[in-house]
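Contents: one structure, followed by commentary.
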């Protein structure tokens, strides 16, 4: 097994709400009891519906969301950080190592800064380069990597299309030489033709520099093509995690199964066999008791409504939280 | 063949801007038969939404329709020339009457400070001679039909109290309550999760059967197209490059752009297959390429590249209903 770069143990992120009248203060349980390990140099996919807590988990790993319980540990060859207690200089140091690519390339870039300034800003803020010449050289080097030419650097973001803007965001994230990048729905706002281009770029960057990616998406087909490990999230919990090929060939959780079958097939002749998932994701303020998926699960039984399923290893590297995954896995396989 | 419900002929639409006239739609012709679902596919900026809005005369003040453009709506044997309806009171036949539209962003389409129920009742009162009580009953019935739980209670709520999927259902209920002949659905599932998308697609299919109306379904997602529509029209930079039945277009695409779109789609049955993007970006409509509009990004033109740069390909059909505008396809047919 290779080294683990970042690891979450029993992680919970809670956002307290304003008290309504008397009684207990309501809490949004965005993430609850999460255990994952992201290996160095991997392309780790996180998938789930909106409201499942994917973004919160990604942000917690960048220390941009509060860690309520549990811990996140970042361990590289030279340093080990406990994210819960990280502050001051060490936190600044961590920011250089961990970067974020946002979802909407139209909102993420300042319209008043040239592309060169956008990409150079992290270098200046973090004090990585000492002179303008050095900054310029670094910017040019990164821009070339992301297929932006020198002409582009003088322009403002409004002159660019969605795909080009996303490449600028990627360049900005890469410029501080990070070890870990969280890509939050980075291709969701793009056309399919451009989406493929950005995915290929991320993949080639990963292969070249060995950066570890946490790739957040709601689209399993995109995840399947880019990531080598996938975790499926539902209502603040991870319900299944496995290497990509295993997740697709030995699907063990009914939610993963439902996500897979909801992807519209490209073949017009296989219409309508999708296993439809009823209803919508419940509120994370008041999650259902027992297994959180029991309200929508077509296989739910009495036990699911009362007993919280254990997070267990089904086979090597394949974790799942479902009482009946062995039976269901066999059933799905046929 | 029955006569089409709506027939678009040589539609050319330009916008007056500070930088000059921008061509948004160029010489587009298509028909939609009664009860047919036509899918309109293309990247952002290809003119899909502008074409759809033209059917309801919803484009902005600065739009200029070419004199040869015709949009004919056939209502019970009577032909209505949509583009000649200039006054708002005349346009009421099409807007919300014969044609309804649902938009991509359901949050932005509902007024935030008026209850969903009042918005549904308002349009029924305008388009029919119902009493407010009847309109309320019909609205609640429609909300039930689209699968919204506790419709009577939901009727009095505001858009922000609905989830994304429910807002889109309410939007569909509202669009259908006036019993339109044609429903224009502009990216109705793009803002939704896959699981909710599957529910909405299922619902729309049921409704087509039940109400026997036509749908113009706009999306950039070919998977959604394959699952919902009968016929597909592919648009690129304001031009229609390929039309055909869904099987023809998806299974044997004739235009390099359609092939490009299909190849750039991640496929679940073959995870190792590389993703091939369509190279480059869609050109600015201010600076339309000469000849075939797609030649700047086409990877297949090869030996006849010169012809593609200079000559505009004509729309030809390689089989009954499968039409394509590409020199390569025409050549292959001759040889």
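Protein chains in written order, with the numbering used here: chain L, 109 to 442; chain G, 113 to 447. Yeah, the Cβ is synthetic: ideal placement off N, Cα and C, and Gly gets one too.
Whole-angstrom distance between residue 144 of chain G and residue 121 of chain G, CA atom to CA atom: Rounded to whole angstroms, residue 121 of chain G to residue 144 of chain G spans 12 Å at the Cα level.
Alpha carbon of residue 199 of chain L to alpha carbon of residue 188 of chain L, nearest angstrom: Each residue's alpha carbon lies about 12 Å from the other.
Straight-line gap, residue 281 of chain G to residue 316 of chain G (C-alpha atoms, nearest Å): Near 10 Å, if we compare the C-alpha coordinates of residue 316 of chain G and residue 281 of chain G.
Status (buried if at least 16 other CB within 10 Å, exposed otherwise) for residue 358 of chain G: In the assembly as shown, residue 358 of chain G is a buried residue. Its beta-carbon has 16 or more other beta-carbons within 10 Å.
Residue of L:373, L:269, L:283 and L:330 minimising C-alpha distance to residue 242 of chain L: Nearest Cα to residue 242 of chain L within the set L:373, L:269, L:283 and L:330: L:283.
Same chain, Cβ closer than 7 Å to residue 409 of chain G, five either side skipped, listed in chain order: Taken in chain order, the residues that qualify are 390, 391 and 392.
Simplified DSSP state of residue 435 of chain G, which is helix, strand or coil: Looking at residue 435 of chain G - three-state DSSP - the assignment turns out to be strand.
Short CB-CB distance (under 9 Å) between residue 314 of chain G and chain L: It does; some Cβ of chain L falls within 9 Å.
Beta-carbon contacts of residue 298 of chain L that lie in its chain and below 7 Å, excluding the five residues immediately before and after: The answer, listed in chain order, is 270, 271, 274 and 306.
Those runs of the alpha helix (DSSP H) which lie wholly inside the region 307 to 361 of chain G and span at least 4 residues: 334 to 340, all fully within the region 307 to 361 of chain G.
Residue of G:335, G:288, G:324 and G:385 minimising C-alpha distance to residue 302 of chain G: Measuring from the Cα of residue 302 of chain G, the nearest candidate turns out to be G:335.
Partner residues on chain G for residue 375 of chain L, Cβ-Cβ distance less than 7 Å: Under the 7 Å cutoff, chain G gives 338.
Chain L contact for residue 266 of chain G (CB, 9 Å cutoff): Output row for residue 266 of chain G: interface = no.
Length of the line joining the Cα atoms of residue 264 of chain L and residue 440 of chain L: Roughly 51 Å separates the two Cα atoms.
Environment of residue 413 of chain L [buried if 16+ CB atoms lie within 10 Å]: The residue is exposed, with fewer than 16 neighbouring Cβ atoms inside 10 Å.
Those residues which DSSP pairs with residue 184 of chain G across a bridge: For residue 184 of chain G, which the question treats as bridged, DSSP gives the partners G:119 and G:193.
CB contact check: residue 253 of chain G to chain L, cutoff 9 Å: For residue 253 of chain G, not one C-beta of chain L is nearer than 9 Å to its own C-beta.
Rounded distance between the beta-carbons of residue 300 of chain L and residue 373 of chain G, thought under 8 Å: Indeed, because the Cβ distance is near 6 Å, the residues count as touching under 8 Å.
Distance between residue 192 of chain G and residue 156 of chain L (C-alpha atoms, nearest Å): Their backbone Cα atoms lie some 47 Å apart in a straight line.
Cα-Cα separation, residue 337 of chain L to residue 118 of chain G: Separation of residue 337 of chain L and residue 118 of chain G (C-alpha to C-alpha, rounded to the nearest whole angstrom) is 49 Å.
CB contact check: residue 332 of chain G to chain L, cutoff 9 Å: Among the CB atoms of chain L, one or more fall inside 9 Å of the CB of residue 332 of chain G.
Cross-chain neighbours of residue 311 of chain G in chain L, by beta carbon under 7 Å: What residue 311 of chain G touches in chain L: 384.
Contiguous alpha helix (DSSP H) assignments of at least 4 residues, all confined to the region 253 to 310 of chain G: Look at the region 253 to 310 of chain G and you find these whole runs of alpha helix (DSSP H), each 4 residues long or longer: 263 to 266 and 276 to 288.
Residue-chain proximity (residue 272 of chain L, chain G), Cβ-Cβ < 9 Å: For residue 272 of chain L, the closest Cβ of chain G is nearer than 9 Å.
Outcome for residue 109 of chain L when other beta-carbon atoms lying within 10 angstroms are tallied against a minimum of 16: Its pLDDT being 45, under 50, residue 109 of chain L is placed unreliably by the model, and nothing is read from it.
Complete runs of the beta strand (DSSP E) confined to the region 142 to 181 of chain L [at least 3 residues]: The beta strand (DSSP E) runs lying completely inside the region 142 to 181 of chain L and spanning 3 residues or more are 151 to 155, given in chain order.
Below-9 Å beta-carbon distance, residue 197 of chain G vs any chain L residue: Answer no: the Cβ-Cβ gap between residue 197 of chain G and chain L never drops below 9 Å.
Distance between beta carbons of residue 279 of chain L and residue 227 of chain L, contact taken as under 8 Å: Yes, residue 227 of chain L and residue 279 of chain L are in contact; Cβ-Cβ is about 5 Å, under 8 Å.
C-beta neighbour in chain L for residue 221 of chain G, strict 9 Å: Contact with chain L is absent for residue 221 of chain G, since none of that chain's Cβ atoms lies less than 9 Å from the residue's Cβ.
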